[in-house]
């Protein structure tokens, strides 16, 4: 039973799916029927720390008085954040309302009251590759001054496809890694999932200009998984290959793709200074050029390879 309503999770999912029809925050490629509820709740002690973190960042930003704001927790869950918000200036929303006073609604379909200043704080569902967390963030950015969210590790990346580059109307003010005890399952047991705490504020989300190394290397993705086959036609072009994913021991470049672990990686075409470039690539510690992912593996992106090259002095004129 949930707030007086005895429904199974499937019933809530169907209600949410009905609301997601023709919703602009739900990408067309998403199969809503396969999207779960992502029920990972926030440890109350961590929520208290993050709420304090958000208040400090807003106060340091200095643009307005914290008392001018109303607070919204858009996926209230067990109310770890909601319980800490000012009682006369808080709104809690969830498709499964576990507590009296929580609005039973899908945040992506919810309409805010205009002419009020808002801060949105919480632990949104992540979704596949972080799409749902990004949608929650972009929805909040439409009407709030600040957003403090627990977000998937993909939001740390500076690579071309990073979701943080697709946040509209807000700029990143703060980011930190969260500890191992951040999440609880519905039974209250700790669940280890790597994640970030980020605070965003109104402003232009500008990508940093970066140096390139296109005169020296060309990169292409090779993926042998059936659902993502790509790069096979270019295998003969590569001077070496680098695997995309690793756990503890960082990879070394290899000469043939059959030596790449986990059947996904990058082909590296060396355009000039071939011997020296290849020698230098063997010296890179990819632990310094990779992102920690949700479940403890590390991912190397094309951005990381290019960044390693630039830091070794291979910079386009």
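In the numbering used here, the protein residues as written are 173 to 489. By construction, the Cβ of each residue, glycine as well, lies at the ideal position given by its N, Cα and C atoms.
What did DSSP end up calling residue i once you bin it into helix, strand or coil?
i	result
residue 184	helix
residue 475	helix
residue 303	helix
residue 467	coil
residue 397	coil
residue 448	helix
residue 366	coil
residue 435	helix
residue 405	helix
residue 419	coil
I need the straight-line Cα distance from residue i to residue j, nearest angstrom please.
i	j	result
residue 440	residue 419	22 Å
residue 482	residue 450	14 Å
residue 177	residue 187	Any reading at residue 177 must be qualified, since the residue scores a pLDDT of 42, below 50, and its modelled position is unreliable; the value itself is stated next. Answer to the nearest angstrom: the Cα atoms are 13 Å apart.
residue 267	residue 370	24 Å
residue 231	residue 254	20 Å
residue 276	residue 248	10 Å
residue 412	residue 425	6 Å
residue 358	residue 374	34 Å
residue 258	residue 319	16 Å
residue 215	residue 361	10 Å
residue 213	residue 252	8 Å
residue 382	residue 282	38 Å
residue 193	residue 208	16 Å
residue 384	residue 415	21 Å
residue 488	residue 452	17 Å
My understanding is that residue i touches residue j, with C-beta atoms under 8 Å, so please give their C-beta distance in whole angstroms.
i	j	result
residue 438	residue 391	5 Å
residue 388	residue 444	6 Å
residue 298	residue 233	That pair is no contact at about 26 Å.
State buried or exposed for residue i, treating a residue as buried only when at least 16 other CB atoms are found within 10 Å of its CB.
i	result
residue 455	exposed
residue 463	buried
residue 478	buried
residue 285	exposed
residue 335	buried
residue 401	exposed
residue 470	buried
residue 461	buried
Quick one: is the Cβ of residue i within less than 8 Å of any heavy atom of the ligand HEM?
i	result
residue 440	Absent from the structure shown: the ligand HEM. Ligands present: none.
Stretch-stretch touch, CB-based, cutoff 8 Å, three pairs: the region 317-326 with the region 366-383: yes
Contact the region 342-351 vs the region 191-207: 3+ CB pairs below 8 Å: no
The region 235-242 touching the region 278-297, judged by at least three CB pairs closer than 8 Å: yes
Sufficient close CB pairs (3 or more, under 8 Å) joining the region 296-310 to the region 216-223: no
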